[in-house]
Structures are given as C-alpha cells and as structure tokens.
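Note that this note's numbering has the sequence shown beginning at 645, numbered continuously upward.
Note sheet for the following structure.
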Amino acid sequence: MVEASTHGKSVSLPELGSFSANATPARTGMNSSTLERIQIPAGQKVASKVASTLKSSL
645 MVEASTHGKS
655 VSLPELGSFS
665 ANATPARTGM
675 NSSTLERIQI
685 PAGQKVASKV
695 ASTLKSSL
C-alpha cells in the first residue's frame, strides 16, 4: 500500500474504500506564537474515500 501511494497510484480495498496520495503545493504559513511568516514546503497527503458498502452499513 505504501509503495503504490508513493508512486502516485490509488490503492483499493474491497468493502473498505480507496486511498491515494495527493500533492500539496508550497505555501506561506504563520507561526502563531511569534506571528512570523514561514514557508511550508510542498509535500504529499493521503486521501481516502469510503466504499459505499461501508458507508451504508454505518
């Protein structure tokens, strides 16, 4: 699952859902304690989508 996500592929688990890695752009943030602007680097986040069978059973 980790290998597929790092290569940009989606991983599907029957009756559970699917997982994929999405790229996030670099952006400017703020340190809340010092109010200093900081650069947040680009990265990747994991996104999940729940299967309809699981959703309907809840």
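In this text, a Cβ means the ideal position worked out from N, Cα and C, and glycines have one as well.
Legend entry - Nearest-angstrom Cβ-Cβ length linking N666 and K693, presumed shorter than 8 Å: That pair is no contact at about 11 Å.
Inset, instruction - Determine, using beta carbons only, whether K699 comes closer than 8 Å to chain D. - result: The structure shown has no chain D; it contains just one protein chain.
Inset, instruction - Using the DSSP secondary-structure output, state which residues sit across from T672 in a beta bridge. - result: According to DSSP, which records beta bridges pairwise, T672 is partnered with Q683.
Legend entry - For K699, three-class secondary structure by DSSP: helix
Legend entry - Proximal residues to T668 (C-beta, below 7 Å), its chain only, five neighbours per side dropped: A686, G687, Q688 and K689
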